[in-house]
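Student: Residue numbers (my numbering): 40 to 498. For each residue, glycine too, the CB sits at the ideal point set by N, CA and C. Quick one: the structure is below, questions incoming.
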Ligand SMILES: Cc1cc2nc3c(=O)[nH]c(=O)nc-3n(C[C@H](O)[C@H](O)[C@H](O)COP(=O)(O)OP(=O)(O)OC[C@H]3O[C@@H](n4cnc5c(N)ncnc54)[C@H](O)[C@@H]3O)c2cc1C
């Protein structure tokens, strides 16, 4: 970018909404991954019109533009890999319209996930996907990564709730996709193309989301198992039992050990733990479902089964699950945390396979995740200041991706691809699929200006 480009951007957004101060550029070099690269400037647009003018300028002057929410990406997807201008959406943070009778909410992309839930609470409605980063991540980021969470098995992911979008295209045109109806069979589904597109096809400037009535009754149960197979079979049986648990989490033996040693959790020495929540709109509904879950635990010879008798007891069990990330992360200065996903019935095979790959390699690891939708989080700890360790750990992760794809799985259940998983795209997507993705990118963004370097689209 040249100085005259920066001056032109200042004229569009206003001088006070532009920065090229080193301290800001360093902050915008990072996200939640171990990738980093510095941009040349950052701007804080107020509306889609300003973004449209910036994109027209970027096309004329050929500098990269990277849309940014809260920067919590785990994959380097928001790292400005080729420099350029970061567009921080923080000023576009208004909830525009809550239409409960239509079960819809219209938001700007910079609205923080938790702020939306807070605004919906008085109406008894909610936006069901629930990323663990919800206190800070933005809805624009959620749509652009198709974020999911712990309740995915029953409530799906962000994609399932996006009805309509306003998007600024790489050439500056503004497009409105989808419909404000609860269903529509009209035309090609442009909305879905932008959901999960990681800011490479367009900048999302307005989002219409479907909302749900919030469940009012909950039950929590936990069981321990001597073998992974038993735990895996219990998962399969629960999913066959005619109910859908709202949460079905699995933790394997390394995770359990780390929780005992680092968080002082009172847990048995077993191969696996399952932690389940059921919910409903009546106490009877949640109770009926949890009884099915407990029956599946017992049928699979669970070593221990416990049920939370109160909200307080349930909270204690969920606190154990929430402690996993920080307890494991404290073992070494760095970690790689993945979100590989397989068909539900393949979860035990994936767990055993990852254990086989990682055991005896000299690096502590844990595996936990959302067994109810086949999404596991293997996390391996190492010292990133030692290049040998960094290399070795990445080689182990290569094997995990290969195993996942061999089992018919996907590289990412919720975090996306970004820079971190770009080299593995060919394992999951065939050559024709990759060609189509690149064709789409090239058609919308022939000069490769919007968030370049991501998802192996410019290779
Ligand atoms: C502690 C922690 C826990 C996490 N837990 C979860 C989890 O449970 N589930 C989950 O799915 N993810 C999780 N994540 C990953 C991350 O929070 C999500 O991917 C989230 O959706 C990113 O939102 P963000 O606002 O931080 O976006 P950013 O990180 O800023 O951006 C992410 C991507 O979206 C693009 N983008 C952002 N805004 C726009 C826009 N307006 N238009 C177009 N593109 C845009 C960016 O260019 C980038 O490619 C976690 C991350 C952390 C650090």
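Here's the rule: buried if 16 or more other CB atoms are within 10 angstroms of the residue's CB, otherwise exposed. What is residue 62?
Tutor: exposed
Student: Run through the DSSP bridge pairs and tell me what residue 106 is partnered with.
Tutor: Residue pairing of residue 106 in beta bridges, as defined by DSSP: 126.
Student: Use the C-beta contact count for residue 303: other C-beta atoms within 10 angstroms, 16 or more gives buried, fewer gives exposed.
Tutor: Exposed is the call here.
Student: On the three-state DSSP scale, how would you describe residue 534?
Tutor: No information on residue 534 is available, as it lies outside the stretch 40 to 498 that the chain covers here.
Student: Are residue 149 and residue 168 close, meaning C-beta to C-beta below 8 Å?
Tutor: no
Student: Please report the distance separating the alpha-carbon of residue 448 from that of residue 332.
Tutor: 26 Å
Student: If I measure Cβ to Cβ from residue 505 and keep anything under 7 Å in the same chain, skipping five residues before and after, which residues do I get?
Tutor: Since the first residue shown for the chain is 40 and the last is 498, residue 505 is missing from the structure and cannot be characterised.
Student: My understanding is that residue 392 touches residue 442, with C-beta atoms under 8 Å, so please give their C-beta distance in whole angstroms.
Tutor: 5 Å
Student: Tell me the DSSP secondary structure of residue 180 in three-state form.
Tutor: Residue 180: helix per DSSP, three-state reduction.
Student: Cutting at 8 Å between CB atoms, please list the residues of its own chain near residue 76, excluding the five before and the five after it.
Tutor: 68, 118, 119, 120, 121 and 122
Student: Over what stretch of residues does the beta strand (DSSP E) that includes residue 318 continue unbroken?
Tutor: For residue 318, the uninterrupted beta strand (DSSP E) segment begins and ends at 311–319.
Student: Does ligand 1 have even one heavy atom less than 7 Å from the beta-carbon of residue 316?
Tutor: No; taking the cut-off as 7 Å, the Cβ of residue 316 has no heavy atom of ligand 1 nearer than that.
Student: Any heavy atom of ligand 1 closer than 7 Å to the beta-carbon of residue 456?
Tutor: no
Student: Beta-carbon within less than 7 Å of residue 190's beta-carbon, same chain only, minus the 5 sequence neighbours each way: which residues are those?
Tutor: 167, 169, 285 and 286
Student: Restricting to runs no shorter than 3 residues, where is the beta strand (DSSP E) found entirely within the segment 303–370?
Tutor: 311–319 and 343–346
Student: For residue 245, name the three-state secondary structure that DSSP assigns.
Tutor: In the three-state scheme derived from DSSP, where H, G and I count as helix and E and B as strand, residue 245 is classed as strand.
Student: Compute the minimum distance between the beta carbon of residue 70 and the heavy atoms of ligand 1, and state whether it is under 7 Å.
Tutor: yes
Student: Under DSSP, the beta strand (DSSP E) around residue 143 begins and ends at which residues?
Tutor: Its beta strand (DSSP E) spans residues 143–146.
Student: Checking the sheet assignment: what are the DSSP bridge partners for residue 402?
Tutor: Bridge partners of residue 402: none, in fact.
Student: Does residue 220 come out as helix, strand or coil in the three-state DSSP assignment?
Tutor: coil
Student: Have a look at the DSSP bridge pairing and note the partners of residue 287.
Tutor: 315
Student: Thinking residue 456 and residue 177 are a contact (beta carbons under 8 Å), I'd like their distance in whole angstroms, please.
Tutor: Wrong, their Cβ atoms sit about 19 Å apart, outside the cutoff.
Student: At the level of alpha carbons, what is the spacing between residue 360 and residue 335?
Tutor: 21 Å
Student: Less than 7 Å between the CB of residue 180 and some heavy atom of ligand 1, yes or no?
Tutor: yes
Student: So, under 8 Å CB-CB, residue 343 and residue 452 are touching, yes? Tell me the CB distance rounded to an integer number of Å.
Tutor: Their Cβ separation, rounded to whole angstroms, is 29 Å, which puts residue 343 and residue 452 out of contact at 8 Å.
Student: Decide if residue 314 is buried, meaning its Cβ has at least 16 other Cβ atoms within 10 Å, or exposed.
Tutor: buried
Student: Identify the continuous beta strand (DSSP E) that holds residue 374 and give its terminal residues.
Tutor: 373–376
Student: Using 8 Å as the cut-off, can you tell me whether the segment 401–419 makes contact with the segment 458–475, which would need three or more C-beta pairs spanning the two stretches below that distance?
Tutor: As far as the Cβ criterion goes, the segment 401–419 does not touch the segment 458–475, which means the pair count is below three.
Student: Tell me the DSSP bridge mates of residue 74?
Tutor: Per DSSP, none; premise fails for residue 74.
Student: What separation, rounded to the nearest whole angstrom, lies between the Cα atoms of residue 382 and residue 465?
Tutor: 19 Å
Student: Taking contact to mean 3 or more Cβ pairs, one atom from each stretch, closer than 8 Å, check whether the segment 101–111 and the segment 121–138 are in contact.
Tutor: Because the criterion of three Cβ pairs below 8 Å is met, the segment 101–111 and the segment 121–138 touch.
Student: Could you give the DSSP three-state label for residue 459: helix, strand or coil?
Tutor: coil
Student: Would you decide whether residue 422 is buried or exposed? Buried here means 16 or more other CB atoms lie within 10 Å of its CB.
Tutor: exposed
Student: Got a sec? Which residues, its chain only, sit under 7 Å from residue 94 by beta carbon, not counting five neighbours each side?
Tutor: Cβ-Cβ distances below 7 Å link residue 94 to 104, 207, 209, 210 and 211 in the same chain, with the five nearest sequence neighbours on each side left out; the list follows chain order.
Student: Do the segment 235–255 and the segment 263–282 meet, that is, are 3 or more Cβ pairs less than 8 Å apart?
Tutor: Taking a cut-off of 8 Å for Cβ pairs, the segment 235–255 and the segment 263–282 do not touch, as fewer than three such pairs fall below it.
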